[in-house]
Amino acid sequence: MPTNILIVDDHPLFVEALELVIQNAFSDAAISKAVSIETARAVLDEESGFDLVLLDLSMPDTRGLEGVIELRTRYPKVPIVVVSALEDARIIHEVLQCGVAGFISKSTRGGDLARALQDVMDGSVVVPKGYQPPAAAGSDASELATRIATLTPQQVRVLHMLRQGLLNKQIAYDLGVGETTVKAHVSEILRKLKVSSRTQAVIEASKIDFDSILGSARDE
41 MPTNILIVDD
51 HPLFVEALEL
61 VIQNAFSDAA
71 ISKAVSIETA
81 RAVLDEESGF
91 DLVLLDLSMP
101 DTRGLEGVIE
111 LRTRYPKVPI
121 VVVSALEDAR
131 IIHEVLQCGV
141 AGFISKSTRG
151 GDLARALQDV
161 MDGSVVVPKG
171 YQPPAAAGSD
181 ASELATRIAT
191 LTPQQVRVLH
201 MLRQGLLNKQ
211 IAYDLGVGET
221 TVKAHVSEIL
231 RKLKVSSRTQ
241 AVIEASKIDF
251 DSILGSARDE
């Protein structure tokens, strides 16, 4: 069977170069392309069986990590590797916290890029050479845990559903409450976590062992 790879990037010259690397690395590669997160969703919804998604972090219809989080939550079984010109250690760290299969710099040479892709296909998580995670800030983690502890059990459940990429209407249906109630919960979650968007709330939740907190909430 062919190796099915989706490239999500709106820079034609880089996409062309990346295609050549992929074809050299995988002789059976079947390559699809998308120039936005919206078109990526359409491709992934229409075609099943993708082995890998190569995603540029800077897409025209998304901000920050929103595209990564959306594709990770909608298609959790498809490995995603971020291929980006942004090489800041904190950005790489936050991307990896989203559960991607790796981060590859766009400045990586063809041979190294091919090896990195092969490593991902073999099950490894790849990062740029020399990458060092930012120094862990214990006080920050402790403060975050304290903030999350202020959430009610229902708010914890709502935050879990936000991490799954569900819309307010879907959350309301699953919890058996009104959409207005869900909106109120989301507003309280943002206030308590001291963030301004759903995406930022999801990123914050990924920084700690949220699943154990969810388990406790389910018991209540």
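If you read the sequence shown in my numbering, its first letter stands for residue 41, the second for the next number, and so on. Glycine included, every Cβ here is placed at the ideal spot set by N, Cα and C. If you're wondering where the values come from, they're calculated on a predicted model, not measured in any experiment.
Spatial distance of residue i from residue j (CA atoms)
| i | j | result |
| --- | --- | --- |
| I188 | A212 | 21 Å |
| L153 | E183 | 38 Å |
| P42 | S246 | 34 Å |
| C138 | V166 | 14 Å |
| D259 | S147 | Reliability fails at D259, whose pLDDT of 49 lies under 50, so the model's placement of it is uncertain and the value that follows must be treated cautiously. If you take the alpha carbons of D259 and S147, they lie about 48 Å apart. |
| K232 | N208 | 19 Å |
| V217 | D85 | 29 Å |
| A177 | L206 | Confidence is the limiting factor: at A177 the pLDDT is only 47, short of 50, which leaves the residue's position unreliable, though a coordinate-based value still follows. So the alpha carbons of these two residues sit roughly 30 Å apart. |
| P119 | P173 | 21 Å |
| S72 | L111 | 16 Å |
| R197 | Q158 | 37 Å |
| V235 | H225 | 14 Å |
| L230 | E78 | 26 Å |
| A185 | E56 | 44 Å |
| G104 | V242 | 12 Å |
| L94 | P100 | 16 Å |
| Y171 | P193 | 37 Å |
| S237 | K223 | 12 Å |
| E244 | D214 | 23 Å |
Strand pairing of residue i, partner residues [DSSP]
| i | result |
| --- | --- |
| K73 | I47 |
| G142 | V121 and V166 |
| V93 | L46 and I120 |
Beta-carbon gap between residue i and residue j smaller than 8 Å
| i | j | result |
| --- | --- | --- |
| S145 | E127 | yes |
| L60 | I47 | no |
| Q63 | A69 | yes |
| L92 | I132 | no |
| E106 | T239 | yes |
| Q204 | T113 | yes |
Top-ranked residue by Cα proximity to residue i, from the options
| i | options | result |
| --- | --- | --- |
| F54 | S124, P116, T113 and G218 | S124 |
| M161 | L136, V121 and R197 | V121 |
| P52 | P116, A74 and E106 | A74 |
| T66 | G170, G151, A241 and S236 | Before going on, a small fix: residue 66 reads as Phe here, not Thr. Checking every option, the nearest Cα to that of F66 belongs to G151. |
| R81 | Y171, P116 and K169 | P116 |
| R149 | G163, P168 and V140 | P168 |
| S164 | P193, V140 and Y171 | V140 |
Presumed contact (8 Å Cβ cut-off) between residue i and residue j, rounded CB distance
| i | j | result |
| --- | --- | --- |
| D50 | S76 | 7 Å |
| L191 | L199 | 7 Å |
| V108 | V83 | Not confirmed; about 16 Å, so no contact. |
| Q16 | E219 | Residue 16 lies beyond the residue range present for the chain, which begins at 41 and ends at 260; the question has no answer from this structure. |
| G142 | A129 | The Cβ separation is near 15 Å, so there is no contact. |
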